[in-house]
Amino acid sequence: MACRRGFPLLRKRYVTMSALSFDAERETKKIEEFISDFVRGRNVSGIVHGLSGGVDSAVVALLVQRALGTDRQFVLLLPERDSSESGVTDAKAMCERFGIEYKLLNITQPLEHLGTYSSAPSKLAKFGGGMRFAVKAFPFLSKKGYISNLKGSDSRQFREFIAFYRIKHRMRMVVIYHEAEKRGMAVASCANRTEFEVGFFVKYGDDSGDIAPIKHLYKTQVFALARYLGVPREIIEKKPSPDLFAQVADEEIMGVGYETVDSILALMAEGLGEDEIAERLSIKSSEVRFVSEMKIESEELRTPPASLLG
3 MACRRGFPLL RKRYVTMSAL SFDAERETKK IEEFISDFVR GRNVSGIVHG
53 LSGGVDSAVV ALLVQRALGT DRQFVLLLPE RDSSESGVTD AKAMCERFGI
103 EYKLLNITQP LEHLGTYSSA PSKLAKFGGG MRFAVKAFPF LSKKGYISNL
153 KGSDSRQFRE FIAFYRIKHR MRMVVIYHEA EKRGMAVASC ANRTEFEVGF
203 FVKYGDDSGD IAPIKHLYKT QVFALARYLG VPREIIEKKP SPDLFAQVAD
253 EEIMGVGYET VDSILALMAE GLGEDEIAER LSIKSSEVRF VSEMKIESEE
303 LRTPPASLLG
């Protein structure tokens with residue numbers, strides 16, 4: 003099966019669709035122009051963003067560098083107690099390889115002062131043990147639990163868990179904006195379209211920024227762009243993870259793989275119904291409904307603050 007340049011073949015039973023296919027070279031130029039025009043129009047000296055060692059921030063890093071040059075880009079590496087060592091190692095190696103200026107700041111201390119590590123979820127994170135152990139301790143981390151996460155719960159244990167992981171993302175954004183304002187720079191968000199549409203992000207956290215260069219791209223498209231841009235193989239091949247617990251990946255938390263989610267979301271965007279999508283992808287209708295439910299229940303995260311302003 004052939005695919006257009008810049009888009010990897012989908013594994014298993016999925017097919018490359020027009021909604022997901024794109025020319026990586028053309029897309030790169032379009033995003034570079036978007037970044038350059040933004041910086042010029044905002045009258046800022048450049049862009050600051052975080053670098054986690056994951057594929058999204060790595061792609062943003064190279065796009066910003068290509069658009070602005072190394073002298074107008076600054077990157078922050080912001081690990082904390084529960085961060086994986088490989089994430090920091092990969093992020094540093096990438097900065098050094100591509101000549102990107104960076105600063106490493108460990109945010110454990112401010113999180114500790116706020117009592118983040120005194121909670122039950124924190125003890126689990128420190129122990130590790132993978133997804134099976136995490137779900138056993140916190141059932142709401144299961145596939146059905148992800149929907150509960152979006153809906154909310156009166157459970158104290160649930161609220162503690164939500165507060166535990168969300169504060170990490172928000173603390174990072176505080177540090178990034180502080181650095182950006184000192185330098186007269188704008189902040190780039192590294193969020194992608196998949197995470198945005200199914201609510202796999204923290205409001206006022208990793209989704210925040212003045213510009214979002216890859217927010218229009220699904221996760222599988224981000225991987226395609228990463229290959230085209232030359233993102234290091236060790237970053238591309240690692241499983242995407244929120245870096246909350248040891249050995250816990252995004253897809254395990256969501257309960258569905260990115261290829262499936264992206265294929266479903268892309269066909270939803272084309273206006274196809276649940277049964278049509280299931281037939282097109284040769285999957286169960288329940289899988290399509292699950293993704294649809296994620297999108298519906300996460301709407302609040304994409305909604306601006308309620309106000310009486312017209």
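Going by our numbering, the sequence shown opens with residue 3, and the numbers climb by one from there.
From the three backbone atoms N, C-alpha and C, an ideal C-beta is built for every residue, glycine too.
| Item | Value |
| --- | --- |
| Separation of Leu310 from Asn194, as counted between CA atoms | 30 angstroms |
| Residues near Arg172 by beta carbon distance below 7 angstroms, same chain, minus five either side | Val204, Tyr206, Gly207 |
| Top-ranked residue by Cα proximity to Gly232, from Ser23, Leu22, Glu27 | Glu27 |
| When Ser284, Ala69, Arg42 are compared against Met33, the one with the closest alpha-carbon | Met is not the amino acid found at residue 33; the sequence shown has Ile there. Selected option, being the one with the closest Cα: Ala69. |
| Extent of the continuous beta strand (DSSP E) to which His51 belongs | 49–52 |
| Integer Cβ distance of Ile237 from Gly101, believed to fall under 8 angstroms | Actually they do not touch by this definition, with Cβ atoms about 17 angstroms apart. |
| Bridge-paired residues (DSSP) for Tyr104 | Val77 |
| With 16 other Cβ atoms within 10 Å as the buried cut-off, status of Asn151 | buried |
| For Ile213: DSSP bridge partner residues | Ala190 |
| Local conformation of Ser309 per DSSP, three classes | coil |
| Inter-residue CB distance, Val200 and Met296 (contact presumed, cutoff 8 angstroms) | 4 angstroms |
| Assigned exposure category for Asp245 - 16 Cβ within 10 Å defines buried | buried |
| Same chain only: Cβ atoms within 6 angstroms of Val293, ignoring 5 sequence neighbours per side | Val263, Ile266 |
| Own chain partners of Leu219 with C-beta closer than 6 angstroms, once the 5 adjacent residues on each side are dropped | Asn194, Arg195 |
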